[in-house]
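Undergrad: Could you have a look at this structure, given as structure tokens, before my questions?
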Amino acid sequence: MRLSTRIALAVGATVPILVLATGWLLLRLVAADLHDQQDAHLRQSAAAVAKDARGLLRASAADRSAAVEQARERRLFTSALDVGVRLTGPGGTFVGGPQPERGVPLPASTPVPVTLRAGGDTWRVLSTRVSGGRPGVRGTLWLFAPDTAADTQLRLVRRRVVSVALLAAPLSGLLAGAVAGRASRPLRRLRNSASGLDPRTSAARLDHTPARIAEVDDLAHTLQTVLSRYDEQAARTEEALATARSFASAAAHELRTPLMSMQTNLEILSEHPALPAPDRDEVLDDLRREHARLLGLLVMLRELGRGDLVEADAFGPVDLADVVEASVREQRRRHPLAHIAGDCPPGLRVYGWEPGLRTVLDNLLINALVHGGCTDGRPAHVGVTLRASGDHAVLFVDDQGPGIAPERRAEVFERFERRPDSPGSGLGLTLVAQQIDLHRGRIRVLDAPGGTGTRFEVVLPLLGGGADTEATLPLQRNWMITTAGVLPQEFHKEDS
Numbered sequence: 314m315r316l317s318t319r320i321a322l323a324v325g326a327t328v329p330i331l332v333l334a335t336g337w338l339l340l341r342l343v344a345a346d347l348h349d350q351q352d353a354h355l356r357q358s359a360a361a362v363a364k365d366a367r368g369l370l371r372a373s374a375a376d377r378s379a380a381v382e383q384a385r386e387r388r389l390f391t392s393a394l395d396v397g398v399r400l401t402g403p404g405g406t407f408v409g410g411p412q413p414e415r416g417v418p419l420p421a422s423t424p425v426p427v428t429l430r431a432g433g434d435t436w437r438v439l440s441t442r443v444s445g446g447r448p449g450v451r452g453t454l455w456l457f458a459p460d461t462a463a464d465t466q467l468r469l470v471r472r473r474v475v476s477v478a479l480l481a482a483p484l485s486g487l488l489a490g491a492v493a494g495r496a497s498r499p500l501r502r503l504r505n506s507a508s509g510l511d512p513r514t515s516a517a518r519l520d521h522t523p524a525r526i527a528e529v530d531d532l533a534h535t536l537q538t539v540l541s542r543y544d545e546q547a548a549r550t551e552e553a554l555a556t557a558r559s560f561a562s563a564a565a566h567e568l569r570t571p572l573m574s575m576q577t578n579l580e581i582l583s584e585h586p587a588l589p590a591p592d593r594d595e596v597l598d599d600l601r602r603e604h605a606r607l608l609g610l611l612v613m614l615r616e617l618g619r620g621d622l623v624e625a626d627a628f629g630p631v632d633l634a635d636v637v638e639a640s641v642r643e644q645r646r647r648h649p650l651a652h653i654a655g656d657c658p659p660g661l662r663v664y665g666w667e668p669g670l671r672t673v674l675d676n677l678l679i680n681a682l683v684h685g686g687c688t689d690g691r692p693a694h695v696g697v698t699l700r701a702s703g704d705h706a707v708l709f710v711d712d713q714g715p716g717i718a719p720e721r722r723a724e725v726f727e728r729f730e731r732r733p734d735s736p737g738s739g740l741g742l743t744l745v746a747q748q749i750d751l752h753r754g755r756i757r758v759l760d761a762p763g764g765t766g767t768r769f770e771v772v773l774p775l776l777g778g779g780a781d782t783e784a785t786l787p788l789q790r791n792w793m794i795t796t797a798g799v800l801p802q803e804f805h806k807e808d809s
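In the numbering used here, the protein residues as written are 314 to 809.
Spelled out as structure tokens, the structure:
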């Protein structure tokens with residue numbers, strides 16, 4: 314059912330009710346006015362006949378002749394005009410004009426006119442006390458006015474109210490339907506514009522001209538917002554599908570080498586059951602290394618996919634010192650012979666994704682521990698320093714390894730880029746760069762302060778700083794598909 318039809322039906326049902334309610338109020342007001350007129354007439358008549366009523370009471374009390382009494386009675390009834398009169402006194406009851414039957418009980422004293430119903434008729438009655446001017450000569454004067462004229466006028470008004478209500482129902486419905494149909498034209502135009510949109514065949518979106526109707530303009534704005542969110546979600550879905558395809562392709566390509574190596578070693582073991590112990594141990598060690606590399610590769614690819622698909626609502630305030638200290642404790646536990654020095658003052662809070670920041674610290678420390686060992690064979694020495702610099706937090710990770718040539722620092726961030734003797738997957742620093750990008754930070758590869766080794770410098774905006782610390786995530790997140798070659802950053806990647 315159309316909106317205009319609903320409005321027409323609602324108005325067509327509401328208007329008669331309003332007319333009837335107004336008519337009921339009008340009837341009450343008309344009845345009150347008619348009663349006021351009758352009461353005023355009764356009071357005037359009572360004032361006019363009061364003198365004649367007193368004279369009649371005196372005449373009846375003094376036992377005057379019948380002619381005198383009848384003359385005074387006629388004068389009383391004549392002065393009353395069209396009002397019924399009933400006078401009771403010591404000498405009897407005098408009745409004249411229209412009034413209820415004598416058997417109908419009357420109110421004893423009604424200085425204010427009241428309504429009396431008797432035998433299906435309605436009367437307005439006024440009662441007053443009358444004194445004949447002598448002791449013991451007192452009586453009661455009733456005046457009656459038939460209420461038929463008021464009833465007739467009220468019935469007429471009632472019929473007209475009902476007629477107007479019956480006529481108002483269809484007329485108001487038709488008029489409301491016409492007005493609602495005209496008023497709903499902007500809504501129909503908006504419907505036509507929205508129904509013609511098909512995201513499968515066209516990239517066109519809702520183009521709405523303000524109709525200066527709040528509801529229509531609000532609905533159009535809501536539709537535009539919904540379509541915009543649909544486009545964003547469709548883009549994210551497409552990005553997720555591309556990420557999944559790239560994940561599958563990269564995983565298949567990178568897993569092929571360790572799987573083939575493991576297959577070769579398994580064939581050697583199966584075809585040469587009597588392999589000498591040294592050779593057998595060498596094959597088993599190779600299997601363990603390839604197995605560890607395979608697991609590490611899968612973990613890195615999974616983490617890279619998580620970073621590409623993370624949403625903005627996963628971000629929140631994070632104390633960077635807590636993340637650094639947790640990562641340092643974990644690497645000290647895993648590498649008890651290495652020396653890891655940490656200098657991390659508390660209170661440096663950033664707006665970030667805590668698992669992603671932990672990934673940055675873990676991979677930077679692993680890179681320094683694996684590839685930043687001392688050149689003289691001593692255990693690795695790694696320094697971690699956290700400082701505040703203006704509106705940013707600056708993190709340094711230093712090692713004492715052989716360092717990285719400046720011309721190679723742009724390559725270390727690329728996917729699967731690693732040294733021939735590296736035990737890693739080639740994705741560790743790719744994960745670092747991905748998370749730095751998600752957190753709107755910067756990272757550089759520098760020479761270590763001591764002259765040998767490598768320094769990683771990470772800069773992240775502090776929470777509440779001058780920068781927009783709660784900005785949205787990058788729209789393009791395709792680290793599973795592309796590499797960091799397009800970013801103006803440097804990375805120490807001879808590790809992962």
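C-beta: ideal position from N, C-alpha, C; glycine also.
Go ahead and label L370 buried or exposed: buried means 16 or more other beta carbons lie within 10 angstroms of its beta carbon, across all protein chains shown.
TA: buried
Undergrad: Here's a check: name, in chain order, each residue in its chain whose Cβ is nearer than 8 Å to the Cβ of Q466, leaving out the five neighbours to either side.
TA: V343, L347
Undergrad: Which word fits A421, buried or exposed, when buried means at least 16 other C-beta atoms lie within 10 angstroms of its C-beta?
TA: exposed
Undergrad: So the candidates are S562, T318, T550, D656; which of them puts its Cα closest to the Cα of P483?
TA: T318
Undergrad: Residue range of the alpha helix (DSSP H) that L270 falls in?
TA: Only positions 314 to 809 of the chain appear in the structure, and residue 270 is not among them; the question remains open.
Undergrad: Can you check DSSP and say which residues form a bridge with A706?
TA: Paired residue(s): A701, L773.
Undergrad: Determine the contact status of L744 and N680, defining contact as a CB-CB distance below 8 Å.
TA: no
Undergrad: In the DSSP assignment, find the beta strand (DSSP E) that holds S440 and state where it starts and stops.
TA: 434–444
Undergrad: What first and last residue would you give for the beta strand (DSSP E) that runs through G397?
TA: 397–402
Undergrad: Is the CB-CB distance between V695 and L674 below 8 Å?
TA: no
Undergrad: Can you tell me whether P285 is helix, strand or coil according to DSSP?
TA: There is simply no residue 285 to check, as the chain begins at 314 and stops at 809 in what is shown.
Undergrad: Who are I320's beta bridge partners in DSSP?
TA: According to DSSP, which records beta bridges pairwise, I320 is partnered with nothing at all.
Undergrad: With a threshold of 6 Å on Cβ separation, who are the neighbours of G336 within its own chain once the five nearest residues in sequence on each side are excluded?
TA: V474
Undergrad: Output needed for V332: all residues of its chain with C-beta closer than 6 Å, excluding positions within five of it in sequence on either side, in chain order.
TA: The residues are V477, A478, A481.
Undergrad: Looking only at its own chain, which residues have a Cβ that is under 6 Å from the Cβ of H648, when we skip the five neighbours before and after it?
TA: Within the same chain, Cβ atoms closer than 6 Å to the Cβ of H648 are found at L682, the five residues on either side in sequence being excluded.
Undergrad: May I have a chain-ordered list of the beta strand (DSSP E) segments no shorter than 3 residues that lie completely inside the segment 328–387?
TA: Within the segment 328–387, no complete beta strand (DSSP E) segment of 3 residues or longer occurs.
Undergrad: If you drop the 5 nearest sequence neighbours on each side, which residues of the same chain put their C-beta closer than 6 Å to that of L788?
TA: With a pLDDT of 47 at L788, under the threshold of 50, the modelled position of that residue is not reliable, and the figure given next carries that caveat. The answer is none, since no qualifying residue turns up.
Undergrad: How is the beta strand (DSSP E) around I749 delimited, first residue to last?
TA: Looking at the DSSP string, I749 is not in any beta strand (DSSP E); the run it does join, the alpha helix (DSSP H), is 741–751.
Undergrad: Would the beta-carbon of E638 fall within 8 Å of that of G665?
TA: No, Cβ-Cβ distance for E638 and G665 is not below 8 Å.
Undergrad: Rounding to the nearest angstrom, what Cα-Cα distance links L394 and D365 in this structure?
TA: Rounded to whole angstroms, the separation of the alpha carbons of D365 and L394 is 13 Å.
Undergrad: Go to L759, then tell me how far its alpha helix (DSSP H) extends in each direction, as first and last residue.
TA: Looking at the DSSP string, L759 is not in any alpha helix (DSSP H); the run it does join, the beta strand (DSSP E), is 755–760.
Undergrad: Is the beta carbon of E770 sitting closer than 8 Å to the one on I756?
TA: yes
Undergrad: In angstroms, rounded to a whole number, what distance separates the CA positions of S809 and R549?
TA: Residue placement at S809 cannot be trusted, given a pLDDT of 36 that sits under 50; what the coordinates show is reported in the next sentence. A straight-line Cα-Cα distance of about 29 Å links S809 and R549.
Undergrad: Quick check on L661: does DSSP put it in helix, strand or coil?
TA: coil
Undergrad: What is the rounded straight-line gap between the Cα of T535 and the Cα of H705?
TA: 38 Å
Undergrad: For G660 and R691, I'd like the C-alpha separation in whole angstroms.
TA: 35 Å
Undergrad: With distance defined between alpha-carbon atoms, name the residue in D349, F407, D712 nearest to S373.
TA: F407
Undergrad: Using the three-state DSSP reduction, which class does T391 fall into: helix, strand or coil?
TA: helix
Undergrad: Please state the DSSP three-state secondary structure of H585.
TA: coil
Undergrad: In chain order, what are the residue ranges of uninterrupted beta strand (DSSP E) at least 3 long that sit wholly in the segment 402–431?
TA: 405–409, 427–431
Undergrad: Taking G764 as the reference, give the member of S583, R721, Q713 with the closest Cα.
TA: Q713
Undergrad: Hey, would you say T428 sits closer than 8 Å to D460, going by beta carbons?
TA: yes
Undergrad: Exposed or buried, H585, counting other C-beta atoms within 10 Å across all chains shown (16 or more means buried)?
TA: exposed
Undergrad: Might you give, ordered along the chain, the residues of its own chain that have their beta carbon closer than 6 Å to the beta carbon of A431, omitting 5 neighbours on each side?
TA: P413, V417
Undergrad: Give every residue of the same chain whose Cβ lies closer than 6 Å to the Cβ of Q351, excluding the five residues on either side of it in the sequence, and list them in chain order.
TA: R437, A458
Undergrad: In this structure, what does DSSP give as the bridge partners for R768?
TA: Answer by DSSP bridge pairing, in chain order: D711, L759.
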